[in-house]
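K.L.:
In our numbering, the protein residues as written are 135 to 508. Virtual Cβ for every residue (Gly too), placed ideally from N, Cα, C. Handing you a structure now.
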Ligand SMILES: CC(C)(COP(=O)(O)OP(=O)(O)OC[C@H]1O[C@@H](n2cnc3c(N)ncnc32)[C@H](O)[C@@H]1OP(=O)(O)O)[C@@H](O)C(=O)NCCC(=O)NCCS
């Protein structure tokens with residue numbers, strides 16, 4: 135008998151050499167390298183090269199990749215105009231969708247050489263797009279990032295006047311942490327679009343639409359809102375009893391379809407937050423987060439529900455200087471590279487139109503009734 139696999143749970147949609155997850159042990163590797171090692175030792179550019187080319191670059195390969203992508207920090211004029219023309223109240227992911235959609239071309243031909251060139255181009259443009267979305271939101275004139283800086287630094291310099299090495303390092307780590315996570319809803323959406331041989335920019339636009347929701351990319355914003363709502367460390371227990379236990383709300387930033395233990399990315403973000411937070415306000419939020427984590431794990435740990443990557447990432451992004459409305463877009467900023475790597479791998483190695491079936495549960499054949507008789 136045919137059955138429906140709701141949520142496509144445990145359905146394998148592709149083979150991949152990109153990302154390995156062991157959800158029971160809390161392991162995440164990109165092309166065989168542990169995420170912790172990459173965060174400790176690499177720039178986002180090196181990890182991006184690893185994802186696209188399959189190996190970490192030597193210094194010559196890195197230089198030429200970096201030169202190439204920096205050529206694309208400068209956005210086509212129409213993209214800047216388009217961002218500037220959007221109402222400032224538009225949400226930042228809508229702005230991101232609009233910018234990427236505006237660069238799509240109907241006649242893209244997929245092949246490994248062009249896909250790799252396109253990946254570096256998109257990575258450079260991504261930096262210009264996201265930093266200018268932020269500039270537009272806060273009312274600054276739009277401008278292209280400065281190509282003399284590395285990725286994380288050029289990004290922060292295009293957003294803020296004052297940045298520190300700690301913040302650049304934190305941004306670099308966040309970019310690596312979010313770069314890919316196998317085939318969550320957004321990546322699957324990109325794969326569906328790529329399986330029709332649509333172009334790369336359109337696939338990215340489709341993925342952004344799936345990233346938006348609070349059950350996926352929006353979780354970091356929701357998790358941070360919880361901290362604000364709780365207000366003080368001593369309110370955690372009452373808030374948890376009232377909202378989560380009594381009113382059956384979901385604890386945001388907790389739970390994962392694949393991880394049934396601590397998400398290794400969450401541990402990295404927690405460590406960064408502990409080092410980075412300086413203001414009294416953020417120290418208080420960190421303490422609330424830790425108390426809430428403890429209650430959450432005590433209540434849900436036995437069901438395999440643990441804090442995920444979005445639980446502490448908002449604290450890090452906020453301490454770097456970003457308001458809550460940027461959190462999901464910052465996730466997307468990095469994940470663009472993962473989407474590109476997955477769709478390139480899929481189309482280059484095993485392209486087949488993704489076209490599932492649905493089991494019909496409606497009426498049997500019915501006699502047609504003319505409008506006058508209904
Ligand atoms: C991510 C998420 C959608 C994955 O869930 P899933 O694999 O589809 O699992 P389900 O939604 O079917 O939940 C399974 C059970 O766990 C419970 N559960 C899952 N996440 C929970 C959470 N964050 N808080 C409380 N209960 C949770 C569900 O209520 C359900 O309980 P039941 O079996 O008693 O009905 C889910 O954990 C969630 O909504 N988390 C909060 C949002 C979030 O942080 N998303 C970011 C993911 S990186």
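Quick one: residues in its chain with C-beta nearer than 6 angstroms to the C-beta of residue 234, no 5 flanking neighbours on either side, listed in chain order?
P.N.:
Counting only Cβ-Cβ distances below 6 angstroms, and skipping sequence neighbours, we find 335, 338 and 339.
K.L.:
Would you mind stating whether residue 425 and residue 348 have Cβ atoms separated by less than 8 angstroms?
P.N.:
No, they are not a contact pair.
K.L.:
Does the distance between the C-beta of residue 391 and the nearest non-hydrogen atom of ligand 1 fall short of 7 angstroms?
P.N.:
Under cutoff, so the answer is yes.
K.L.:
Please give me, in chain order, every unbroken run of the beta strand (DSSP E) with length at least 3 that falls completely inside the region 368-412.
P.N.:
Counting whole runs of 3 or more residues, the region 368-412 contains no beta strand (DSSP E) stretch at all.
K.L.:
For residue 400, count neighbouring C-beta atoms within 10 Å of its own C-beta (all shown protein chains included) and say buried if the count is 16 or more, exposed if not.
P.N.:
It counts as buried.
K.L.:
So what does DSSP say about residue 280, is it helix, strand or coil?
P.N.:
Reduced to three states, the DSSP call for residue 280 is coil.
K.L.:
Mind listing, in chain order, the continuous alpha helix (DSSP H) runs of no fewer than 4 residues lying wholly within the region 280-359?
P.N.:
Listed in chain order, they are 285-293, 299-311, 319-329 and 334-345.
K.L.:
Please determine, among 371, 407 and 257, the residue with the shortest C-alpha to C-alpha distance to residue 201.
P.N.:
Answer by Cα proximity: 257.
K.L.:
According to DSSP, simplified to helix, strand and coil, what is residue 267?
P.N.:
Residue 267: helix per DSSP, three-state reduction.
K.L.:
Would you say residue 320 and residue 473 are within 8 angstroms of each other, going by their C-beta atoms?
P.N.:
Yes, the Cβ-Cβ distance between residue 320 and residue 473 is below 8 angstroms.
K.L.:
Does the region 191-210 come close enough to the region 235-254 to have 3 or more Cβ pairs within less than 8 angstroms?
P.N.:
Yes, since at least three Cβ pairs between the region 191-210 and the region 235-254 fall closer than 8 angstroms, the two stretches touch.
K.L.:
Closer than 7 angstroms to a non-hydrogen atom of ligand 1 - does that hold for the CB of residue 469?
P.N.:
Because no heavy atom of ligand 1 lies under 7 angstroms away, the Cβ of residue 469 does not count as near it: no.
K.L.:
When burial is assigned at 16 or more other CB atoms within 10 Å of the CB, is residue 376 buried or exposed?
P.N.:
Label assigned to residue 376: exposed.
K.L.:
Tell me, to the nearest whole angstrom, how far the beta carbon of residue 449 is from that of residue 420; I am working on the premise that it is less than 8 angstroms.
P.N.:
That belief holds up - the Cβ atoms of residue 449 and residue 420 are roughly 6 angstroms apart, short of 8 angstroms.
K.L.:
Of all the alpha helix (DSSP H) runs that stay within the bounds of the region 148-207, which reach a length of 4 or more residues?
P.N.:
List check, alpha helix (DSSP H) in window: 169-175, 178-187 and 193-204.
K.L.:
Could you tell me whether the region 485-492 touches the region 278-293, using the rule of 3 or more Cβ pairs below 8 angstroms?
P.N.:
No, the region 485-492 is not in contact with the region 278-293.
K.L.:
Can you give me the start and stop residues for the alpha helix (DSSP H) that residue 449 sits inside?
P.N.:
Start and end: 444-454.
K.L.:
What is the C-beta distance between residue 439 and residue 389, in whole angstroms, given that I count them as a contact (C-beta under 8 angstroms)?
P.N.:
Going by Cβ atoms, the distance from residue 439 to residue 389 rounds to 5 angstroms, so yes, they are a contact pair.
K.L.:
Confirm the yes/no value for this check: CB of residue 437, any heavy atom of ligand 1, distance under 7 angstroms.
P.N.:
It does: the Cβ of residue 437 is within 7 angstroms (strictly closer) of some heavy atom of ligand 1.
K.L.:
What is the rounded straight-line gap between the Cα of residue 480 and the Cα of residue 136?
P.N.:
Residue 480 and residue 136: Cα-Cα distance of roughly 27 angstroms.
K.L.:
Please tell me whether, using a cut-off of 7 angstroms, the distance from the CB of residue 388 to the nearest non-hydrogen atom of ligand 1 is below it.
P.N.:
True, at least one ligand heavy atom lies under 7 angstroms from that Cβ.
K.L.:
Which residues in the same chain as residue 196 place their Cβ atom closer than 8 angstroms to its Cβ, once the five residues preceding and following it in sequence are excluded?
P.N.:
For residue 196, where only same-chain residues beyond five positions count, the Cβ hits under 8 angstroms are 179, 180 and 183.
K.L.:
Cβ of residue 434 versus every heavy atom of ligand 1: is any distance shorter than 7 angstroms?
P.N.:
At least one heavy atom of ligand 1 is nearer than 7 angstroms to the Cβ of residue 434, so yes.
K.L.:
Comparing the CB of residue 144 with every heavy atom of ligand 1, is any distance shorter than 7 angstroms?
P.N.:
Outside the cutoff, so no.
K.L.:
Where do the N-terminal and C-terminal ends of the alpha helix (DSSP H) with residue 477 fall, by residue?
P.N.:
Segment 461-484, the alpha helix (DSSP H) holding residue 477.
K.L.:
Buried or exposed: which applies to residue 323, given that a residue is buried once 16 or more other Cβ atoms fall within 10 Å of its Cβ?
P.N.:
Residue 323 should be labelled buried.
K.L.:
Quick check: the Cα distance between residue 269 and residue 417, rounded to an integer number of angstroms?
P.N.:
Straight-line Cα distance between these residues: approximately 27 angstroms.
K.L.:
Beta carbon of residue 397, beta carbon of residue 141: below 8 angstroms?
P.N.:
No, the pair does not count as a contact, with Cβ atoms beyond the cut-off.
K.L.:
Kindly list the residues whose CB is nearer than 8 angstroms to the CB of residue 486, restricted to its own chain and excluding five residues on each side of it in sequence; keep chain order.
P.N.:
Same-chain partners within the cutoff: 329.
K.L.:
Under 8 angstroms, do residue 476 and residue 150 count as touching if we go by C-beta distance?
P.N.:
Yes. Within cutoff.
K.L.:
Give every residue of the same chain whose Cβ lies closer than 7 angstroms to the Cβ of residue 344, excluding the five residues on either side of it in the sequence, and list them in chain order.
P.N.:
Hits under 7 angstroms: 319, 320, 323 and 350.
K.L.:
What are the start and end residues of the alpha helix (DSSP H) that includes residue 234?
P.N.:
It spans 226-235 - the alpha helix (DSSP H) in which residue 234 sits, taken as one unbroken run.
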